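Each position in the sequence shown, counted from 1, maps to that position plus 404 in our numbering.
Quick reminder that beta carbons are idealized off the backbone N, C-alpha and C, glycines included.
Small disclaimer: the values here were computed from a predicted structure and weren't measured.
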Amino acid sequence: MSKYVIPIIFLTVLVTAFFRKKDPYSYFVEGSRSALSLMLEVFPYLLTIMMAVEVFKVSGVSGFVANLTAPIFRLMGLPAELSELMLLRPLSGAGSLAVLDDIFATYGADTYIGNCASVIYGSSETIFYVSTIYLSKCKTKKLGYALPVAVFSTVIGCIIGCAVLRIC
């Protein structure tokens, strides 16, 4: 399916340009120009969040915080071994993928812990990365509820996902 994405984009541009009676080449260049300006506006926010996540991982703070929060996750019905994944997933896709790989290597992919890790990784999002992009373009600056609601929803979804796995 992914090999068709680029041709579909080109066809969409051509068809849209045809119906709007514009030159397809200039229409495509105009879209590319707006994408570049968007990237220039968003880049400082992305760089900041990427650096913060890398410092969080490399400094060992993520492992320390994961050990502190493991009993809390256990009380919520999540395996304590998944606490680092739960902490890193909202921050970093690549970092959480490395943690997921470690979980699979340690506990196996077909175990309850491996299945829970798969559900957590597959059904959650890098909240802070995505929020950085969306909120950097938002005119409203009173966004105090956006991140807490996103984090709360992610935690609830992970709890429910692991509970369903426990039942099945």
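Asked                                                                                                                                                           : Found
Verify whether the separation of the beta carbon atoms of Ala-498 and Ile-507 is less than 7 Å.                                                                 : no
Determine the direct distance from the alpha carbon of Val-555 to that of Ile-412, and round the result to whole angstroms.                                     : 34 Å
Please classify Pro-411: does DSSP put it in a helix, a strand, or coil?                                                                                        : helix
Please report the straight-line C-alpha distance between Ala-474 and Tyr-431, rounded to a whole angstrom.                                                      : 53 Å
Taking contact to mean 3 or more Cβ pairs, one atom from each stretch, closer than 8 Å, check whether the region 537-546 and the region 444-459 are in contact. : yes
Is the CB-CB distance between Gly-481 and Ile-560 below 7 Å?                                                                                                    : no
In its own chain, which residues sit with a C-beta less than 8 Å from the C-beta of Lys-461, not counting the 5 before and 5 after it?                          : Leu-492, Ser-496 and Gly-499
Using DSSP with H/G/I as helix, E/B as strand and the rest coil, what is Arg-570?                                                                               : helix
Taking Met-443 as part of the alpha helix (DSSP H), name the residues at either end of that continuous run.                                                     : 428-462
Pairing CB atoms from the region 482-491 with CB atoms from the region 462-473, are three or more of them under 8 Å?                                            : yes
Measure from the alpha carbon of Val-503 to the alpha carbon of each residue in Pro-483, Tyr-516, Tyr-525 and Ile-410, then state which is nearest.             : Tyr-525
Since Pro-494 contacts Phe-532 with CB under 8 Å, what's their CB separation in whole angstroms?                                                                : 6 Å
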